[in-house]
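Student: Going by my numbering, the sequence shown opens with residue 687, and the numbers climb by one from there. All residues carry an ideal CB built from backbone N, CA and C; glycine is no exception.
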Amino acid sequence: MATHEVTNQVPPRAGLDEFELNVPLTEAVLEYGAGWAVPDLHRVGRHVGTAEFQRDAQLANTRVPVLHTHDEYGNRIDEVEYDDAYHRVLSAAVGFGAHTAAWAHPGPGANTARAATFMLFAQIEPGHACPVSMTHAAVPAMQTTPEIAQKWLPRLLSREYNGTLRTGAAWGKTSALIGMAMTEKQGGSDVRAGTTLAVDAGDGSWRLTGHKWFCSAPMSDAFLVLAQTQAGLSCFLVPRVLGDGTRNVFLIQRLKDKLGNRSNASSEVEFDQTVGHLLGEEGRGVRTIIEMVARTRLDCVLGTAAGMRQSVAEAAWHVRHRRAFEARLIDQSAMAAVVADLALESEAATATAMRLARAHDEDATQQEVAFRRLATAVSKYWVCKRGPEHAYEALECLGGNGYTESFPLARRYREQPVMAIWEGSGNVIALDVLRAITREPDTAEAFDLEVSRAVGAHPVLDAHLTATRRMLRDASRADASAAASGARRLVEALALALQASLLVRSAPVAVSDAFIGARLGPDGGRLYGTLPAGTNTAAILARA
Ligand SMILES: Cc1cc2nc3c(=O)[nH]c(=O)nc-3n(C[C@H](O)[C@H](O)[C@H](O)COP(=O)(O)OP(=O)(O)OC[C@H]3O[C@@H](n4cnc5c(N)ncnc54)[C@H](O)[C@@H]3O)c2cc1C
687 MATHEVTNQV
697 PPRAGLDEFE
707 LNVPLTEAVL
717 EYGAGWAVPD
727 LHRVGRHVGT
737 AEFQRDAQLA
747 NTRVPVLHTH
757 DEYGNRIDEV
767 EYDDAYHRVL
777 SAAVGFGAHT
787 AAWAHPGPGA
797 NTARAATFML
807 FAQIEPGHAC
817 PVSMTHAAVP
827 AMQTTPEIAQ
837 KWLPRLLSRE
847 YNGTLRTGAA
857 WGKTSALIGM
867 AMTEKQGGSD
877 VRAGTTLAVD
887 AGDGSWRLTG
897 HKWFCSAPMS
907 DAFLVLAQTQ
917 AGLSCFLVPR
927 VLGDGTRNVF
937 LIQRLKDKLG
947 NRSNASSEVE
957 FDQTVGHLLG
967 EEGRGVRTII
977 EMVARTRLDC
987 VLGTAAGMRQ
997 SVAEAAWHVR
1007 HRRAFEARLI
1017 DQSAMAAVVA
1027 DLALESEAAT
1037 ATAMRLARAH
1047 DEDATQQEVA
1057 FRRLATAVSK
1067 YWVCKRGPEH
1077 AYEALECLGG
1087 NGYTESFPLA
1097 RRYREQPVMA
1107 IWEGSGNVIA
1117 LDVLRAITRE
1127 PDTAEAFDLE
1137 VSRAVGAHPV
1147 LDAHLTATRR
1157 MLRDASRADA
1167 SAAASGARRL
1177 VEALALALQA
1187 SLLVRSAPVA
1197 VSDAFIGARL
1207 GPDGGRLYGT
1217 LPAGTNTAAI
1227 LARA
């Protein structure tokens, strides 16, 4: 017999159009040239908003990938088995072009539309976004070598998903996903410390021997791998299945037991006379792979912004339905301030992500290219660093439920830190910003032009821009050690300048004023929910 009735629990948040509801994202899609993609984005929004998709996201993260090093007869197979739920998620993301749509149909707004698609999927299930992102980002490296591009690009651009390796007679997949393997035990940030060796086989291919300490999505069809040749560090394409349908040597040692990102397998792998094909120039491996790194850094910003959106959407939903002390939580000003503050952070991250995505379109001018070089690094540092704390505060809005695995924010909290570590951890990115402003001064000029478009809109922002310019000047004159120790402070100032400038130009005044007051003014607090007095929280929440 039931001892009680269930009351005051919130209804399931499902059956919604996640694009429609995400006002900052819908506005940015229009602002950054992708109005033509709106019908498709609604389709994506409805797809990821279904209860079934949410369930798949949960299953993909609880029925985690399993490594099979050998088959039942003792032959090495080095395959990872994923739950069907993960395959369904990845298949839908590929089907909607979250991986390579911007390359398949380039043009103004192509990267904006692809970014929005990617973010909608990553909002609900982040792990699959790893191979999706790497496949998108691998294209420029492939294009350095026409014979490889000719063979592989049509497969990358395909909207089909096939999660098997297909060996033997069945060989011949028409689609492909791509991974990358740079990090070794002795060095991840310092890729030049890599010891994997590549030897010319004399038949147009190379043989690689060595190891990689992190190699995510090991069931991808090929990997961009860095290895040493006599000419230095070089970039190779290593397929999992060779042209005759046999397996390449790809010895997966084990899967990482990770804090989060559980649906996505990350492996340790060894190469032993593994076949690889040189990409780009021998000895210029970093140069070949650098554009891939830049684009995956952008996707770290997109992925974190997507996570912030999930956090805000779940928190806002909960507080609109939950009552405590005889009133809805949303109607209690202490809670309204917390959720509004979380929404401000999410809006700023979304505006930044979409502005950067647009700067990656093929019509980018020299100035846009210079802007994105610096702004991507600045934003990768700041947005990704803001992710974990944001998820933590959002899950607390759900009270005890937020701390349980029945709701998605515990998973999100464990997910967010990876985007700060992967593709350049905090210090590495901050030092990269210093490198850009000292070695490529046009990047700082382009950045300054961008943020200066908001000059005169708000006195606090004007003062911040003046102070940031002074910091930039000082950093470019300081000795290396002093500049490095102040690098994080500088990047923070640059990031806030960019975000505030973007919000002034594109968001309602209630949003930009609150952001500037809370993040740059003297009245903002350190934790979320400490907005300056007089903030129009109702206007901010109406967009959340
Ligand atoms: C879930 C996950 C998946 C991954 N998948 C892949 C993958 O698919 N392929 C791949 O190649 N790699 C992958 N990585 C590896 C990742 O890119 C590296 O872990 C990362 O680049 C950092 O390298 P590291 O671990 O060797 O740390 P280190 O390079 O040793 O850095 C340790 C710390 O020192 C700091 N640091 C480094 N240099 C300096 C400096 N000069 N001054 C001050 N501080 C510094 C860093 O910021 C960091 O905080 C993955 C990692 C994770 C967690």
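Just to confirm before moving on: does the CB-CB distance between residue 957 and residue 896 stay below 7 Å?
Tutor: Yes, these two residues count as a Cβ contact at 7 Å.
Student: Find the nearest neighbour of residue 861 within the set 927, 812 and 888, judged by alpha-carbon distance.
Tutor: Nearest option by C-alpha distance: 927.
Student: Would you check if there are 3 or more beta carbon pairs closer than 8 Å linking the segment 1141 to 1161 to the segment 1014 to 1025?
Tutor: No, they do not touch.
Student: Pull up the distance between the alpha-carbon of residue 974 and that of residue 831, whole angstroms please.
Tutor: Approximately 10 Å, taken between the alpha carbons.
Student: Which of the three DSSP states is assigned to residue 1018 in this structure?
Tutor: Residue state, collapsed to three classes: coil.
Student: For a test of the three-state rule: what should DSSP assign to residue 927, helix, strand or coil?
Tutor: In this structure, residue 927 counts as strand in the three-state DSSP scheme.
Student: For residue 1079, which residues in the same chain have their Cβ closer than 7 Å to its Cβ, ignoring the five residues on either side in sequence?
Tutor: Closer than 7 Å at the Cβ level, and outside the excluded window around residue 1079, lie 1024, 1028 and 1214.
Student: Taking 6 Å as the cut-off, is the CB of residue 982 close to at least one heavy atom of ligand 1?
Tutor: Because no heavy atom of ligand 1 lies under 6 Å away, the Cβ of residue 982 does not count as near it: no.
Student: Please report how far the alpha carbon of residue 729 lies from the alpha carbon of residue 703, in whole angstroms.
Tutor: The alpha-carbon atoms of residue 729 and residue 703 are separated by roughly 8 Å.
Student: Got a sec? Which residues, its chain only, sit under 7 Å from residue 769 by beta carbon, not counting five neighbours each side?
Tutor: Here the set comprises 745, 746 and 749.
Student: Taking contact to mean at least 3 C-beta pairs separated by less than 8 Å, is the segment 947 to 954 in contact with the segment 965 to 980?
Tutor: Segments in contact, no.
Student: Kindly indicate the opening and closing residues of the alpha helix (DSSP H) around residue 1133.
Tutor: Here the alpha helix (DSSP H) through residue 1133 covers 1127 to 1137.
Student: Using a Cβ-Cβ cut-off of 6 Å (strictly less than) and excluding sequence neighbours within five positions of residue 1222, which residues of its own chain qualify?
Tutor: Answer for residue 1222: 1196, listed in chain order.
Student: Of the choices 932, 1206 and 999, whose alpha-carbon is the least far from that of residue 1231?
Tutor: Outside the displayed range of the chain (687 to 1230) lies residue 1231, so it cannot be described from this structure.
Student: With a cut-off of 8 Å on the beta carbons, I'd call residue 910 and residue 901 a contact; round off their distance for me.
Tutor: Rounded, the Cβ-Cβ distance is 11 Å, inconsistent with contact.
Student: Measure the C-alpha to C-alpha separation of residue 1168 and residue 1160 and round it to an integer number of angstroms.
Tutor: So the alpha carbons of these two residues sit roughly 10 Å apart.
Student: Is the beta carbon of residue 1040 closer than 7 Å to that of residue 1231?
Tutor: Nothing can be reported for residue 1231, as the shown portion of the chain is limited to 687 through 1230.
Student: List the residues that DSSP assigns as beta-bridge partners of residue 756.
Tutor: In the DSSP output, where bridge partners are listed per residue, residue 756 has 762.
Student: Looking at the structure shown, is residue 872 part of a helix, part of a strand, or coil, going by DSSP?
Tutor: Of the three classes helix, strand and coil, the one that applies to residue 872 here is coil, per DSSP.
Student: Just curious, the beta strand (DSSP E) that residue 715 is in, first and last residue?
Tutor: That residue, residue 715, is in no beta strand (DSSP E); its alpha helix (DSSP H) goes 709 to 717.
Student: Alpha helix (DSSP H) containing residue 956: first to last residue?
Tutor: Taken as a continuous stretch (DSSP letters only), residue 956 belongs to no alpha helix (DSSP H), being part of the beta strand (DSSP E) at 952 to 965.
Student: Let me confirm a value: residue 1129 is counted as buried when at least 16 other C-beta atoms fall within 10 Å, else exposed. Which label applies?
Tutor: Its Cβ being crowded by 16 or more others within 10 Å, residue 1129 is buried.
Student: Please say whether residue 934 and residue 961 have beta carbons closer to each other than 7 Å?
Tutor: Cβ atoms of residue 961 and residue 934: closer than 7 Å.
Student: Short of 6 Å in beta carbon distance, which residues of its chain neighbour residue 859, apart from the five on each side in sequence? Order them along the chain.
Tutor: 848 and 852.
Student: Measure the alpha-carbon distance for residue 1032 versus residue 885 and round it to whole angstroms.
Tutor: Distance between the alpha carbons of residue 1032 and residue 885: 48 Å.
Student: In three-state terms, what does DSSP make of residue 1114?
Tutor: It is helical.
Student: Just tell me which of 1089, 1113, 1069 and 1116 has its CA closest to the CA of residue 1102.
Tutor: Residue 1102 has its Cα closest to that of 1069, out of 1089, 1113, 1069 and 1116.
Student: What are the boundary residues of the beta strand (DSSP E) that residue 636 is part of?
Tutor: Residue 636 lies beyond the residue range present for the chain, which begins at 687 and ends at 1230; the question has no answer from this structure.
Student: Using the beta-carbon count (16 or more within 10 Å), is residue 917 buried or exposed?
Tutor: Per the 10 Å Cβ criterion, exposed.
Student: Starting from the C-beta of residue 661, find all residues in its chain whose C-beta is less than 8 Å away, skip the five residues before and the five after it, and write them out in chain order.
Tutor: An answer regarding residue 661 cannot be provided, because it is not within the stretch 687 to 1230 covered by the chain.
Student: Is it buried or exposed for residue 819, if we count other Cβ within 10 angstroms and need 16 for buried?
Tutor: Buried: at least 16 other Cβ atoms inside 10 Å.
Student: Looking only at its own chain, which residues have a Cβ that is under 7 Å from the Cβ of residue 1226, when we skip the five neighbours before and after it?
Tutor: Once the five neighbours on either side are set aside, the close Cβ partners of residue 1226 are 1026, 1029, 1030, 1196, 1197 and 1200.
Student: Where DSSP assigns a beta bridge to residue 901, which residues make up the other side?
Tutor: 953.
Student: State buried or exposed for residue 1211, treating a residue as buried only when at least 16 other CB atoms are found within 10 Å of its CB.
Tutor: Residue 1211 comes out exposed.
Student: Ends of the beta strand (DSSP E) at residue 1090?
Tutor: Per DSSP, residue 1090 belongs to no beta strand (DSSP E) and is neither H nor E.
Student: Using a Cβ-Cβ cut-off of 8 Å (strictly less than) and excluding sequence neighbours within five positions of residue 899, which residues of its own chain qualify?
Tutor: Taken in chain order, the residues that qualify are 869, 870, 871, 874 and 954.
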